[in-house]
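Worksheet for the structure shown next.
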């Protein structure tokens, strides 16, 4: 007796251990809801895992929630239903054997087969998808940035810009601002020290010299204003730039440059720029025999102690002999750093600011005195994705939330709602998707290979496909792929976002085959040894695709 078609409602949670196949030309079963759209596909249904390695030869009827089906005026089903069907094809349970090169790499690494999940298929759908664990929710690492980038281009737009403003409660009178000067951040990704100097110079050249009411820092674009406050460190390197959790005033990336140099007697250190009221104490540091490139291996958390009108930073650990390094570090309190830099730069421009520094919202009707705009989103994303910038990805994710937030809603909750709405609008199943901060630097974020493949497909079918493609690192050429696959068939051709955590590695993007056809490529490894041993497995899969004809 032949198997009956599987009926899968979009919001159901069907899961099976087998791969039943229906007869050809499957029809909607009797008793189905009138008006429900049906499609027959030569694939198995999403969220089904199979022990059988053979593809199904029949067709499956896939039931679509009528409330989410939009019809064109001529009665045709909208494009998002077709995209939903494509996602089901990708997540189908037909599993091909792991290609030999990847199987060999997996065996050499000593990693179990079930630690690997992947979806591989020509973008044009000319060949069936090859997949393993396609429906399994996995730790994506920074491949999750593809979700944030794709949704941000669609929801915010390629020309979206963050900005920074100097404001006052009322217009200046001559050279005087009677109230406080307000520095308001609106997620400007390019507000470094030179940009802050230029912002203040604009104000100074307008004729303003004396600010009588002190300084106000406005970070209220996001709710709460400081997402980082109270969160435990992600790892043992909280001072590293990759661990910065941004707020709306992303001044110099919330880091300060430190220059360290080994001397005959120990270690000398200074900040760049030098800041009045900030002292760096290296008396507890020792010299090591490590190579200079490994200077941070013996780094220990810095002790920060209050001092008169400032702080003392007591650096800890060891530093290599005969070494000099310059590194941005997140050590100094960002509120103190922002107010101190504004005051110091304003004084250098010949101005004065009265006493008092507070963090608060600008009053209604505040007058804009000077402004700075960041680069367009499409341009920012190129650097973000190629270098895998966690802080700026978080900032973009928060902007998604700020745009979508309802009154009083936490920004992160609004960002998640925005992403899930985008998934629904494009017919992508979000079951099993776990969102945290949008960057992948998270122990909780999860996405399945099929879902990420669906995001890639939607992105490449959308209006911003060229901008999205331009953000992806090129194998053997730039970004986080610059040292990988340099001499193989994928070099200079494959465009892949990488992801790495201790227990997870992944790559996702587009890989042209030997005929130049781009393949949707998503592969993830989750295992305690993934970061140490997993990359050769993923690279072998990439090169296998690049050799296909």
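Residue numbers (my numbering): 1087 to 1635.
The beta carbon of each residue, even a glycine, is placed where N, CA and C say it ideally should be.
Taking all protein chains shown into account, decide if residue i is buried (16 or more other Cβ within 10 angstroms of its Cβ) or exposed.
i	result
residue 1389	exposed
residue 1437	buried
residue 1185	buried
residue 1492	exposed
residue 1623	buried
residue 1365	exposed
residue 1386	exposed
residue 1614	exposed
residue 1322	exposed
residue 1423	buried
residue 1625	buried
residue 1561	buried
residue 1200	exposed
residue 1616	buried
residue 1569	exposed
residue 1485	buried
residue 1141	Residue confidence for residue 1141 is low, a pLDDT of 34 falling below 50, so the modelled location carries little weight; the figure read from the coordinates is stated next. Buried, by the Cβ-count rule.
residue 1370	exposed
Among the residues of its own chain, which have a CB less than 7 Å from the CB of residue i, if the five just before and after it don't count?
i	result
residue 1381	1405, 1406, 1409, 1411
residue 1528	1522
residue 1368	1352, 1353, 1354, 1355, 1401
residue 1253	1268, 1270, 1448, 1452, 1453, 1454, 1455
residue 1235	1467, 1471, 1554, 1557
residue 1446	1302, 1304
residue 1432	1286, 1439
residue 1550	1239, 1240, 1244
residue 1398	1365, 1367, 1391
At which residues does the beta strand (DSSP E) containing residue i begin and terminate?
i	result
residue 1610	1604-1612
residue 1207	1202-1208
residue 1416	From DSSP, residue 1416 is part of no beta strand (DSSP E); its letter is neither H nor E.
residue 1304	1301-1304
residue 1387	1385-1393
residue 1272	1267-1272
residue 1343	1342-1348
residue 1285	From DSSP, residue 1285 is part of no beta strand (DSSP E) but of the alpha helix (DSSP H) over 1279-1291.
residue 1354	1353-1358
residue 1194	That residue, residue 1194, is in no beta strand (DSSP E); its alpha helix (DSSP H) goes 1186-1195.
residue 1619	That residue, residue 1619, is in no beta strand (DSSP E); its alpha helix (DSSP H) goes 1616-1619.
residue 1258	Here residue 1258 belongs to no beta strand (DSSP E), and DSSP marks it neither H nor E.
residue 1372	1372-1374
residue 1308	Taken as a continuous stretch (DSSP letters only), residue 1308 belongs to no beta strand (DSSP E), as it is neither H nor E.
residue 1218	1216-1218
residue 1398	1396-1406
Which residues in the same chain as residue i place their Cβ atom closer than 6 Å to its Cβ, once the five residues preceding and following it in sequence are excluded?
i	result
residue 1262	1296
residue 1237	1505, 1508
residue 1342	1357, 1418
residue 1233	1541
residue 1310	none
residue 1440	1298, 1299, 1300
residue 1289	1252, 1455, 1456
residue 1313	1331
residue 1328	1476
residue 1420	1340
residue 1374	1384, 1404, 1406
Once the 5 residues before and after residue i are set aside, which same chain residues still bring their CB inside 8 Å of it?
i	result
residue 1635	1599, 1600, 1601
residue 1153	With a pLDDT of only 35 at residue 1153, under the threshold of 50, the placement of this residue in the model should not be trusted; the figure read from the coordinates follows. Cβ within range, chain order: n/a, list empty.
residue 1472	1557, 1558, 1559, 1564, 1565, 1566
residue 1605	1206, 1207, 1208, 1209, 1596, 1597, 1598, 1599, 1631, 1634
residue 1213	1207
residue 1393	1363, 1365
residue 1197	1611, 1613, 1615, 1616, 1619, 1620, 1623
residue 1575	1600, 1629, 1632, 1633
residue 1376	1383, 1384, 1404, 1406
Which residue marks the beginning of the alpha helix (DSSP H) containing residue i, and which one marks its end?
i	result
residue 1324	Premise fails: residue 1324 is in no alpha helix (DSSP H) and is neither H nor E.
residue 1367	No alpha helix (DSSP H) holds residue 1367; the beta strand (DSSP E) holding it covers 1364-1367.
residue 1504	1497-1511
residue 1232	1231-1241
Is residue i close to the ligand PLP? I mean its beta-carbon at under 7 Å from any heavy atom of the ligand.
i	result
residue 1520	The ligand PLP is not part of this structure, which contains no ligands at all.
Can you find a CB in chain B that lies within less than 8 Å of the CB of residue i?
i	result
residue 1425	Looking for chain B here will not work: only one protein chain is present.
Are three or more beta carbon pairs between the segment 1503-1521 and the segment 1424-1431 nearer than 8 Å?
-> Proximity of the segment 1503-1521 to the segment 1424-1431 falls short of the contact definition, fewer than three beta-carbon pairs being nearer than 8 Å.
Three CB pairs or more closer than 8 Å across the segment 1266-1277 and the segment 1458-1474 = They touch, by the three-pair rule.
Count the C-beta pairs between the segment 1281-1294 and the segment 1463-1472 that are closer than 8 Å, then say yes if the count reaches three, no if not.
-> No, the segment 1281-1294 is not in contact with the segment 1463-1472.
Quick check: the segment 1211-1229 against the segment 1599-1617, are there 3 or more CB pairs under 8 Å?
-> With the cut-off at 8 Å, the segment 1211-1229 and the segment 1599-1617 touch.
List in chain order: all unbroken alpha helix (DSSP H) runs of 4+ residues lying wholly within the segment 1516-1560.
-> List check, alpha helix (DSSP H) in window: 1535-1547, 1551-1557.
Would you mind listing the beta strand (DSSP E) stretches within the segment 1567-1606 that are 3+ residues and don't spill past its ends, in chain order?
-> Complete beta strand (DSSP E) runs here, min 3: 1581-1587, 1590-1598.
At what residue ranges does the segment 1410-1484 contain a whole run of the beta strand (DSSP E), taking only runs of 3 or more?
-> With a minimum length of 3 residues, the continuous beta strand (DSSP E) runs that stay inside the segment 1410-1484 are 1410-1415, 1443-1445, 1453-1459.
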